[in-house]
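Chemist: I have a structure I would like to understand better, so I am pasting it below and will then ask my questions one at a time.
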Amino acid sequence: MANITSKPVPAFGANDALKLDEEKLKEWRLNMPLEEKWYTLADDELEFYRKETGIQDAEKIKAHILQVQADAYKVYPYPCIRRFSFTTLKISRYPAYQDLLKLGRERSGALFLDIGCCCRSNYTVPDVKRKINTVIFTLVGNDVRKAVADGFPVDQALASDLRPAFWDLGHTLFKSTPESFPVPFLAGDVFDSNFLSVVPPFTTKPTAPAPSLKDITSLTPLNGHLSAIHASAFFHLFDEAGQTIVAKAFAGLLSPEPGSIIFGSHRGELQKGYRTKAHKDDRERFGHSPETWQEMWHKDVFGEGKVKTWAILKETERKDMEEHFGPGVKFYLLVWSVTRL
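Start counting the sequence shown at 20; every next residue gets the next number (my numbering).
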């Protein structure tokens, strides 16, 4: 069951909202200086970077990350780059992470997709007739690298996003190459039917075997074959209809075998609805509550009795948001999983 508080969500940032087009927004962000004060690594993250990069000195690791941050900010000045979100280990904090590792150990040929490494998507919902630009904030593939480091078979993992430049920067960050870290990367937009064709959830295993991950150029051939999908900082960037579309697309990718799982986290709300004028670009941002998020998967995506869902809402400290929008800002993280029965 969901675990949430009953405290109201305060309004914030209304006076800071500006209607900026894409180029003006980019220019505004580029003028914001990169600040070392947001840099921090937890102990396990520091050890992870020591192991993956071969750099042992903490200050040298910091200098290396700062250089990659600067290079990434030149590709596109996402706020997550400024606050070093691309350095954190998210996937291993989730309860579902152990289920992922178990699938890698016990299910023959289990395939894992980490989606949303840092992309921009354009989509139009027919009934809404509104095009929305979105940005995904996972960046350089550290989550799929963590899963592989913890034992998930490297030849059964796949990453996907729209901007391959950030995946390339992941090799720079971790001092790897496509040969030393051979997880395939697919560049594409989940709202593009040529990249991912949305199909109903499978009720039986596909008759055709799963394709080789190294041979595919889109996600569509994987429909019905994925044992696990991880998507963090992803869904909250779409409106309600868009979130349902993506959920249905992921459901079609998932294997019907019991235990197959979709999991992640993104911004949520105490009560479902739109929050407006909290960002400089003045985009509407829709947020689910834990209850309505789970209801979507049961009623709109898989159908009742087909999956087990879990979701909690965590109030998370965001000093960077307080600095920009003022005290009293609340950030709620929706942590969740959806498992086939």
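All C-beta atoms in this analysis are idealised placements derived from N, C-alpha and C, irrespective of residue type, glycine included. All of these numbers come straight from a predicted model, not from anything done at the bench.
What are the residues that DSSP puts in a beta bridge with T328?
Modeler: For T328, which the question treats as bridged, DSSP gives the partners V357.
Chemist: Compare the Cα-Cα distances from I110 to each of V167, H190 and F305 and report the closest residue.
Modeler: Residue V167 is the option with its Cα nearest to I110.
Chemist: Tell me which residues share the same chain as S216 and place their Cβ nearer than 6 Å to its Cβ, disregarding the 5 neighbours each side in the sequence.
Modeler: Answer for S216: T239, listed in chain order.
Chemist: Leaving aside the five residues before and after D258 along the sequence, list all residues of the same chain whose C-beta is less than 6 Å from its C-beta, in chain order.
Modeler: For D258, where only same-chain residues beyond five positions count, the Cβ hits under 6 Å are F305.
Chemist: Per DSSP, what kind of secondary structure is G292 in: helix, strand or coil?
Modeler: DSSP places G292 in strand when its eight states are reduced to three.
Chemist: Exposed or buried, what is M51 when buried is set at 16 or more other beta-carbons lying within 10 Å of its beta-carbon?
Modeler: Exposed, since its Cβ has fewer than 16 Cβ neighbours within 10 Å.
Chemist: Between V357 and G128, what straight-line distance do the alpha-carbon atoms span, to the nearest angstrom?
Modeler: Taking the straight line joining both Cα atoms gives about 20 Å.
Chemist: Are H317 and H285 closer than 7 Å when you measure CB to CB?
Modeler: Not in contact: H317 and H285 (Cβ atoms no closer than 7 Å).
Chemist: By the DSSP assignment, the beta strand (DSSP E) with I281 in it spans what residues?
Modeler: Unbroken beta strand (DSSP E) run through I281: I280 to R286.
Chemist: Is the beta carbon of V159 less than 7 Å from the beta carbon of L188?
Modeler: Yes, these two residues count as a Cβ contact at 7 Å.
Chemist: Within a Cβ cutoff of 7 Å, which residues of the same chain sit near A77, ignoring the five residues on either side of it in sequence?
Modeler: Closer than 7 Å at the Cβ level, and outside the excluded window around A77, lie L65.
Chemist: Are at least three pairs of beta-carbons, each pair with one atom in the region 272 to 279 and one in the region 240 to 253, less than 8 Å apart?
Modeler: As far as the Cβ criterion goes, the region 272 to 279 touches the region 240 to 253, which means the pair count is three or higher.
Chemist: Suppose you measure from the CA of I331 to the CA of I280; what does that come to, to the nearest Å?
Modeler: Distance between the alpha carbons of I331 and I280 is about 17 Å.
Chemist: Pick from S231, N161, T223 and G292: whose alpha carbon is nearest that of S104?
Modeler: Nearest of S231, N161, T223 and G292 to S104, Cα basis: N161.
Chemist: Terminal residues of the continuous beta strand (DSSP E) containing H249?
Modeler: First-last of the beta strand (DSSP E) with H249: A247 to S251.
Chemist: Expressed to the nearest angstrom, what Euclidean distance is found between the alpha-carbon atoms of R126 and A268?
Modeler: Computed Cα separation, rounded: 23 Å.
Chemist: Consult DSSP for T106 and reduce its assignment to one of helix, strand or coil.
Modeler: Helix.
Chemist: With distance defined between alpha-carbon atoms, name the residue in T191, I100 and Y293 nearest to T72.
Modeler: Checked all of T191, I100 and Y293; the closest Cα to T72 is T191.
Chemist: Quick one: is D62 buried, meaning 16 or more other Cβ sit within 10 Å of its Cβ, or exposed?
Modeler: So D62 counts as exposed.
Chemist: Tell whether a beta-carbon distance below 7 Å holds between I84 and A91.
Modeler: It is not a contact, given that the beta carbons lie outside the stated cut-off.
Chemist: Give the range of the beta strand (DSSP E) segment to which F305 is assigned.
Modeler: Where F305 is concerned, the enclosing beta strand (DSSP E) stretches over R304 to G306.
Chemist: For the alpha helix (DSSP H) that contains L65, what are its first and last residues?
Modeler: Here the alpha helix (DSSP H) through L65 covers D62 to T72.
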